Amino acid sequence: MTVRLRTHHLLCILTYIGKGYSPAFTDNMTVIAGRISAGENIEIVEGPDEICAPRFAENNVHCCDESVHNRDLQAAKDVGRILQVPIHPGAKLCLDKPSLKRLRAAFTQDQVRAACIDCQWGDLCTSISIDGYKDTFV
Numbered sequence: 003m004t005v006r007l008r009t010h011h012l013l014c015i016l017t018y019i020g021k022g023y024s025p026a027f028t029d030n031m032t033v034i035a036g037r038i039s040a041g042e043n044i045e046i047v048e049g050p051d052e053i054c055a056p057r058f059a060e061n062n063v064h065c066c067d068e069s070v071h072n073r074d075l076q077a078a079k080d081v082g083r084i085l086q087v088p089i090h091p092g093a094k095l096c097l098d099k100p101s102l103k104r105l106r107a108a109f110t111q112d113q114v115r116a117a118c119i120d121c122q123w124g125d126l127c128t129s130i131s132i133d134g135y136k137d138t139f140v
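See the structure below:
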């Protein structure tokens, strides 16, 4: 199978430690993180993805907002630069150990964080990166 992700979620999974918007969101994200850790390929999609799915039952969902689309565009540039592959809808990749290491090093050095500006999870993700990504699921 393939995990379908919007681009900025490639950054979110780097620091995922089991916290999220709601229990349903967290349960879903944990399953997806497990699939990625098990080596499933990722297909980049435009708009809401498998991670977004539980949020549609909630009020004030931001998944389709222009600001989130802009996060995806910025993340595509940054992640593509670090992984040296074009990141666009339909692109497929595998987050193997070398790729994760490069992305996490870039994340820690704020080289791929432009998409994270104004994200409510920014401080948590920063603390996780400073702590060496201890207890992350991927």
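Going by this note's numbering, the first residue of the sequence shown is number 3, and it counts up by one from there. Using N, Cα and C, we set each Cβ at its ideal position, and we do this for glycine too. Note that the structure is a prediction, hence the values are computed from the model and not measured.
Proximal residues to residue i (C-beta, below 6 Å), its chain only, five neighbours per side dropped
{"i": "Glu45", "result": "Thr4, Arg6 and Lys94"}
{"i": "Cys127", "result": "Thr17"}
{"i": "Asp74", "result": "Arg8, Thr9 and His10"}
Proximity below 8 Å, CB of residue i to CB of residue j
{"i": "Gln76", "j": "Ala117", "result": "yes"}
{"i": "Ile19", "j": "Phe109", "result": "no"}
{"i": "Val114", "j": "Val81", "result": "yes"}
Supposed close pair residue i, residue j - CB separation, criterion 8 Å
{"i": "Thr17", "j": "Ser101", "result": "Contact doesn't hold; Cβ gap of about 15 Å is too wide."}
{"i": "Ala78", "j": "His90", "result": "6 Å"}
{"i": "Pro50", "j": "Phe27", "result": "Pro50 to Phe27, Cβ: 13 Å. No contact."}
{"i": "Ile53", "j": "Asn30", "result": "7 Å"}
Opening and closing residue of the beta strand (DSSP E) in which residue i lies
{"i": "Val5", "result": "Thr4 to Leu7"}
{"i": "Asp46", "result": "Correcting the residue type first, residue 46 is Ile in the shown sequence and not Asp. Its beta strand (DSSP E) spans residues Asn43 to Ile46."}
Alpha-carbon to alpha-carbon, residue j and residue i
{"i": "Asp137", "j": "Asn72", "result": "29 Å"}
{"i": "Tyr135", "j": "Pro88", "result": "26 Å"}
{"i": "Ile34", "j": "Thr9", "result": "15 Å"}
{"i": "Asp125", "j": "Tyr23", "result": "15 Å"}
{"i": "Pro25", "j": "Arg83", "result": "34 Å"}
{"i": "Cys96", "j": "Ala107", "result": "17 Å"}
{"i": "Leu12", "j": "Val47", "result": "11 Å"}
{"i": "Ile119", "j": "Ser129", "result": "15 Å"}
{"i": "Gly92", "j": "Ser39", "result": "21 Å"}
{"i": "Asp133", "j": "Asp67", "result": "31 Å"}
{"i": "Lys21", "j": "Thr32", "result": "9 Å"}
Where the alpha helix (DSSP H) through residue i begins and ends
{"i": "Glu1", "result": "Residue 1 falls outside the range modelled here, since the chain spans only 3 to 140, and no answer is possible."}
{"i": "Ala32", "result": "The question names Ala, but residue 32 in the sequence shown is Thr. Residues Pro25 to Ser39."}
{"i": "Gly124", "result": "Gly124 to Ile132"}
{"i": "Arg106", "result": "Lys99 to Thr110"}
Cut-off 7 Å between Cβ atoms - residues of its own chain near residue i, not counting five sequence neighbours on either side
{"i": "Glu42", "result": "Met3, Thr4 and Val5"}
{"i": "Arg141", "result": "Coverage of the chain is limited to positions 3 through 140, which leaves residue 141 absent and any answer about it impossible."}
{"i": "Trp123", "result": "none"}
Cβ-based neighbour list, residue i, same chain, cut-off 8 Å, excluding 5 preceding and 5 following
{"i": "Gly36", "result": "Phe139"}
Below-8 Å beta-carbon distance, residue i vs any chain C residue
{"i": "Asp29", "result": "Of the protein chains in this structure there is only one, and it is not chain C."}
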